[in-house]
Structures are given as C-alpha cells and as structure tokens.
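Going by our numbering, the residue at position 37 of the sequence shown is 544; the numbering climbs one at a time, nothing skipped.
Even for Gly, the Cβ is constructed at its ideal location relative to N, Cα and C.
Structure record follows, encoded as structure tokens.
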Amino acid sequence: MRPANAHNMLEDEARRETVIFQNSRSTFHRWLERRKGKDSPVGDLAADVLGDTKFPVNVQSADEAVSYLNSRFATEAAIKAMKQAWRQFEASQKRKA
Numbered sequence: 508m509r510p511a512n513a514h515n516m517l518e519d520e521a522r523r524e525t526v527i528f529q530n531s532r533s534t535f536h537r538w539l540e541r542r543k544g545k546d547s548p549v550g551d552l553a554a555d556v557l558g559d560t561k562f563p564v565n566v567q568s569a570d571e572a573v574s575y576l577n578s579r580f581a582t583e584a585a586i587k588a589m590k591q592a593w594r595q596f597e598a599s600q601k602r603k604a
C-alpha cells in the first residue's frame, strides 16, 4: 500500500509543463478563452480553438490564425468567426490602452 505522504514523481513535471504552456499563451488566446461558452460564433470558435491541441497558442496575428485554420480545412464560417474575434480582441486592447 502506498504511504499517504508519498511524493508523486510525475506531479513536478506536470506542473512545469503547465507553467510552460501558460507562459506561452498569447494575449489573444487568453482573451478567446474568456469567450468560451458564449452563444455566438466567437464563443463557438473559442470552444473549437481551446479543444484543438495543435492550435498555435502563441498566435500573434489574425493572418497567422486564419492561416492555421486554412491548414486544417476550416469552414468559411470558422474563418469568418476568427476574423470577427480578432476585430473584437483588437478593439478590447485599444480600450485598455
């Protein structure tokens, strides 16, 4: 039987990987995460992006995000939603400045 205070050998590495992942996420990816669950095209896009383990979480431009979607054969609706999301994201960043 495993002692109650036994050290989990995998926990430290998993925590490091989580920190690395979180630090690599762009402002846009974090912004999009907050839209997940919204009943809108951007909310649907957020759910898709956050469920896609290959999405470039450090994405820095709409062109880069759309290029990725095109490489995955995304629908026109998804591409339109991504462009809309970037416009909303950029507007939110301007309001913060």
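Can you tell me which of R509, V573 and E524 puts its alpha carbon nearest to the alpha carbon of W593? V573
Which ranges does the alpha helix (DSSP H) cover as unbroken runs of at least 4 residues, wholly within the region 537-575, from first to last along the chain? 548-558
Taking all protein chains shown into account, do 16 or more other C-beta atoms lie within 10 angstroms of the C-beta of F535, making it buried, or fewer, making it exposed? Per the 10 Å Cβ criterion, buried.
Out of L539, R522 and A521, which has the shortest C-alpha to C-alpha gap to F596? L539
Range covered by the alpha helix (DSSP H) that runs through M589: E583 to K603
Contact set for A554: own chain, Cβ-Cβ below 7 Å, skip 5 residues either direction: K543
If you draw a straight line from the alpha carbon of K561 to that of R537, how long is it in whole angstroms? In this structure, the CA atom of K561 is about 16 Å from the CA atom of R537.
Thinking A584 and V549 are a contact (beta carbons under 8 Å), I'd like their distance in whole angstroms, please. At roughly 11 Å, the Cβ-Cβ gap does not stay under 8 Å, so A584 and V549 are not in contact.
Buried versus exposed, by CB contacts within 10 Å (16 or more), L552: buried
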